[in-house]
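Reviewing the structure listed below.
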Amino acid sequence: MKLKSLLLILFFLYSSSSFSQQSFELQEVKILDSYIEIKLIPGKILPAKISRLAFEIPGIVKKIDADIGDAFIKGDLLAELDDREASANLLRADAKYKLSKLALDRLEDLKKDGFASAQELDKAGAEYDVAKSELELSKIKLSQTKIIAPYDGFIQNRMIDHGTIISPGHSIFEFVDSSSVEAHISIPDKIIDNLVIGNKYTFTIKDKKINSALSRIAPMRIGGSSNRLAIFRFDEFISPGSIGYLNYENSVSAKGLWVPISALSESDQGLWSLYVLTVNDQESKVSRELVELIHIEDNYAYVTGTLSSGEQIIVGGASKVIEGKIYN
89 MKLKSLLLIL FFLYSSSSFS QQSFELQEVK ILDSYIEIKL IPGKILPAKI SRLAFEIPGI
149 VKKIDADIGD AFIKGDLLAE LDDREASANL LRADAKYKLS KLALDRLEDL KKDGFASAQE
209 LDKAGAEYDV AKSELELSKI KLSQTKIIAP YDGFIQNRMI DHGTIISPGH SIFEFVDSSS
269 VEAHISIPDK IIDNLVIGNK YTFTIKDKKI NSALSRIAPM RIGGSSNRLA IFRFDEFISP
329 GSIGYLNYEN SVSAKGLWVP ISALSESDQG LWSLYVLTVN DQESKVSREL VELIHIEDNY
389 AYVTGTLSSG EQIIVGGASK VIEGKIYN
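What follows is the structure, encoded as structure tokens:
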């Protein structure tokens, strides 16, 4: 009884081994005329807008409401000068304007009754126009004591503290856009000529695929090289300073096929081997075919050789078969 059980176990083990040898993962050969090669072209992600903000008039910095990293929306107050002189000038201009308006109105009434000359009316009108202009200028000067956020953004850098005496045009903040970013990429002429402004292209940024539209292309080459600057605009905000990679798809003419790298075995003289399963009536035979490796992408390789469409290659390669062996 024990001998019978042992024989049954050996029979099942042999049957299982025989079956596993005959079970292959196969891939049908499909010959292509070309393959797509993806080039990763690096570039820097930058804010769509970067501004250096400054006061337009001299003065003493009275107030600063912004620091590095602070975010603001368009119209927010960032900094302010001592505005006492500008406010006093505005009050004086406003009083002069009101007085000239009263004088003009009075002379217009007198002119109707014949008690004022046209010359007197012209002079009053000119004085009114001057007073009105001075009032508008005083309002502008008062507004220039404040720095207002020009758009939604954040402070990248702050150059001064409150109490500082500044001159016109002296940079106070570096302000960057927080709503949109661009990728600035140096691209060879032979590639950039194939790009179309307005079309969407894929970028890889921190292992994430993101679409971006080509916004504009610089007309001149960079520093005497054969590259030109291409600028891509993103719909979503990405942290400025990141490195993005343009996934440029290039069609390469070459007859061949895609196979898993696991199906390849290294051979002589830089060639590689694929194992092909040929089925004839009641039996299957494994043969080896030499191929040339053209391109690798992820876990697949594009190879060329003498294979024909419809043939069956063994995905596991040499580890799964014995060349020339016949499987029933």
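First residue of the sequence shown? That's 89 in the working numbering, and the numbers climb one at a time after it.
Beta carbons: idealized from backbone N, C-alpha and C, even for Gly.
The beta carbon of residue 215 sits closer than 8 Å to the beta carbons of 188, 191 and 192 from its chain, once the five residues preceding and following it are set aside; these are given in chain order.
A Cβ-Cβ separation of about 6 Å places residue 305 in contact with residue 316 under the 8 Å criterion.
Exclusion of the five residues before and after residue 159 leaves 242 and 266 as the residues of its chain whose Cβ lies within less than 7 Å of its Cβ. Contact annotation: residue 115 and residue 293 have beta-carbon atoms that are not nearer than 7 Å.
Setting aside the 5 residues that flank it on each side, residue 309 is surrounded in the same chain by 315 and 316, each with a C-beta closer than 7 Å to its C-beta; the list follows chain order.
Excluding the 5 residues flanking it on each side, residue 184 has same chain C-beta neighbours closer than 6 Å at 219, in chain order.
Contact check for residue 350 and residue 136: beta-carbon distance about 45 Å, past the 8 Å limit, so the pair fails to qualify. At least 7 Å separates the beta-carbon of residue 117 from that of residue 381.
Under the three-state reduction of DSSP, residue 269 is assigned to strand. Rounded to whole angstroms, the gap between the alpha carbons of residue 378 and residue 276 is 36 Å.
Boundaries for residue 204: no alpha helix (DSSP H) harbours it, and the DSSP string shows neither H nor E there. Nearest to residue 254 by alpha-carbon distance, out of 384, 386, 373 and 146, is 146. In this structure the region 160–168 touches the region 221–237; the number of beta carbon pairs closer than 8 Å is three or more.
Sixteen is the threshold: when 16 or more other Cβ atoms of the shown chains lie within 10 Å of the Cβ of residue 246, as they do, the residue is buried. Pairing residue 204 with residue 195 gives a Cβ-Cβ distance under 7 Å. Straight-line measurement puts the Cα of residue 287 at about 26 Å from the Cα of residue 121. When C-alpha distances from residue 230 are compared across 149, 404, 289 and 175, the shortest belongs to 175. With 16 or more neighbouring CB atoms inside 10 Å of its own CB, residue 226 falls in the buried class. DSSP places residue 388 inside the beta strand (DSSP E), whose first and last residues are 388–393. Judged by DSSP secondary structure, residue 185 falls within the alpha helix (DSSP H) whose first and last residues are 172–200.
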